[in-house]
Amino acid sequence: MADGAVKHDYHLVKPSPWPLLGSIGILMLALGGVAYMKGLFGIEKGTIWAPLPGFLFIVWVLTGWWGDVIKESRGGDHKEVVQISLRYGMVLFIASEVMFFVAWFWGFFEMAIFHDLRASGHYDLANPDLEALKGWATWPITQITAEGPEQIHTFDPFHLPLINTLILLLSGTTVTWAHHALQVGDRNSAKWGLLLTVLLGLSFTALQVVEYGEAGFSYDGSLYGSAFFMATGFHGAHVVIGTIFLAVCLFRLMAGGMKPDKHLGFEFAAWYWHFVDVVWLFLFAFVYVAPHVIWPGGAAVH
Numbered sequence: 373m374a375d376g377a378v379k380h381d382y383h384l385v386k387p388s389p390w391p392l393l394g395s396i397g398i399l400m401l402a403l404g405g406v407a408y409m410k411g412l413f414g415i416e417k418g419t420i421w422a423p424l425p426g427f428l429f430i431v432w433v434l435t436g437w438w439g440d441v442i443k444e445s446r447g448g449d450h451k452e453v454v455q456i457s458l459r460y461g462m463v464l465f466i467a468s469e470v471m472f473f474v475a476w477f478w479g480f481f482e483m484a485i486f487h488d489l490r491a492s493g494h495y496d497l498a499n500p501d502l503e504a505l506k507g508w509a510t511w512p513i514t515q516i517t518a519e520g521p522e523q524i525h526t527f528d529p530f531h532l533p534l535i536n537t538l539i540l541l542l543s544g545t546t547v548t549w550a551h552h553a554l555q556v557g558d559r560n561s562a563k564w565g566l567l568l569t570v571l572l573g574l575s576f577t578a579l580q581v582v583e584y585g586e587a588g589f590s591y592d593g594s595l596y597g598s599a600f601f602m603a604t605g606f607h608g609a610h611v612v613i614g615t616i617f618l619a620v621c622l623f624r625l626m627a628g629g630m631k632p633d634k635h636l637g638f639e640f641a642a643w644y645w646h647f648v649d650v651v652w653l654f655l656f657a658f659v660y661v662a663p664h665v666i667w668p669g670g671a672a673v674h
């Protein structure tokens, strides 16, 4: 064995600029978000492009970082022990994402159950300037507009939301089909399964954009509007990320990469996609169906 050959199963990572650059990108994105919401460094509040430089910087960092990981895998650095550690890392990442959505659901239920306390305990309703906030803190009947309180029109959960639910459930089936096809060496079926999954993910995102355009409430007009757009918006962002993840796997598969016994990236993409599916089922049940059935105060929007 040559003196420079690897004599162990562990991957000793070479010095990399990506962690530091990633931290800088996150800082840029955070400052851009503050500039958008509050105004900062001469940037006016509401400037939609303010977070864009940080976002694009992070995309560049992740592209380079994950590209290096793929090169390391092709170079044989990901031995069995390393693959186990990578799997643990992905499990912990998904667990952290679960807790992220737990926070949004926690906020949603707190607002749904205790919204009256916000109206009676936190606002001086004798002050005419704050009278409108009583309507803002109802659930989900009214929202505040420039013309005053108006009735909220919640979505009909059995129209676009149901279609999107069926799309995600079907996509979970196609990605599983693709994964099993790759495991048995049927690369052609794996490509078709991945392609269908990516198309279904794009369809979900397109329908959610249409749904947002038809919304009868705004994100800053009521507690329900804030909870709705934050929860479904972050889930939508995860769908976009998952779609990109799967698209990269599709391109690698078409380029001859990934083997029946070596496709860790595809496996992680499938895990992530199933996680996104499960989160949506909870969103559909509690954010769409529950307000429509339990608090039917507004007419449904298709």
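Numbering (my numbering), first residue to last: 373 to 674.
Backbone N, C-alpha and C define an ideal beta-carbon position, used for all residues, glycine too.
Note that the structure is predicted; figures quoted are calculated from it, not measured.
With distance defined between alpha-carbon atoms, name the residue in the options nearest to residue i.
i	options	result
T545	P533, V556, A562	A562
T526	L595, L566, E482	L595
A422	G404, L412, H635, T537	G404
T419	K410, G588, F427	K410
G394	A407, T435, G414	T435
G605	I466, V648, G637, W438	V648
L636	G588, R446, D558	R446
A641	E586, L622, V454, E452	L622
W390	F486, L412, A587, V431	V431
W476	H607, I539, V661	H607
G565	E444, A619, A467	A619
G656	S543, L538, A553, G597	For the sequence presented, residue 656 should be read as Phe rather than Gly. Ranking the options by Cα distance to F656, first place goes to L538.
P632	D558, R624, F465, I442	D558
Q455	K634, L392, V659	K634
I466	H646, Y408, F601	H646
Per DSSP, what kind of secondary structure is residue i in: helix, strand or coil?
i	result
I420	coil
G436	helix
H635	coil
H551	helix
H610	helix
H525	strand
G565	helix
G628	coil
G397	helix
G709	Summary: the structure shown does not reach residue 709, with the chain confined to residues 373 through 674, and so no result is reported for it.
G414	coil
G585	helix
S468	helix
G664	The sequence shown places His at residue 664, rather than the Gly named in the question. In this structure, H664 counts as helix in the three-state DSSP scheme.
V556	coil
F675	Beyond the ends of the chain as shown, which are 373 and 674, falls residue 675; an answer cannot be given.
K386	coil
Please report the distance separating the alpha-carbon of residue i from that of residue j.
i	j	result
M373	F473	With a pLDDT of only 44 at M373, under the threshold of 50, the placement of this residue in the model should not be trusted, and no figure is reported.
K417	A599	22 Å
A402	A550	37 Å
M462	E469	11 Å
I535	L571	15 Å
L541	E482	29 Å
G531	A603	Sequence inspection shows His at residue 531; the Gly mentioned does not correspond to that position. Distance between the alpha carbons of H531 and A603: 19 Å.
Q555	Y460	21 Å
F429	M400	8 Å
V547	G439	23 Å
V433	W643	23 Å
V453	P533	43 Å
V651	T615	15 Å
G426	G397	5 Å
V665	W437	46 Å
T569	L412	41 Å
V581	G588	14 Å
M471	V441	27 Å
L679	V406	Nothing in the structure corresponds to residue 679, since the chain is present only between 373 and 674.
Evaluate residue i with the Cβ neighbour count: other Cβ atoms within 10 Å of its Cβ, from every protein chain shown; 16 or more gives buried, anything less gives exposed.
i	result
S334	In the structure as shown, the chain begins at 373 and stops at 674. Residue 334 is therefore absent and cannot be evaluated.
P387	exposed
F617	buried
N560	exposed
M630	buried
P529	buried
G628	exposed
Q515	Because Q515 sits at a pLDDT of 49, beneath the cut-off of 50, its placement in the model cannot be relied upon, and the point is left open.
E583	buried
F638	buried
I485	exposed
G597	buried
L625	buried
Take every Cβ of the stretch 563-578, pair it with every Cβ of the stretch 606-624, and state whether three or more of those distances are shorter than 8 Å. yes
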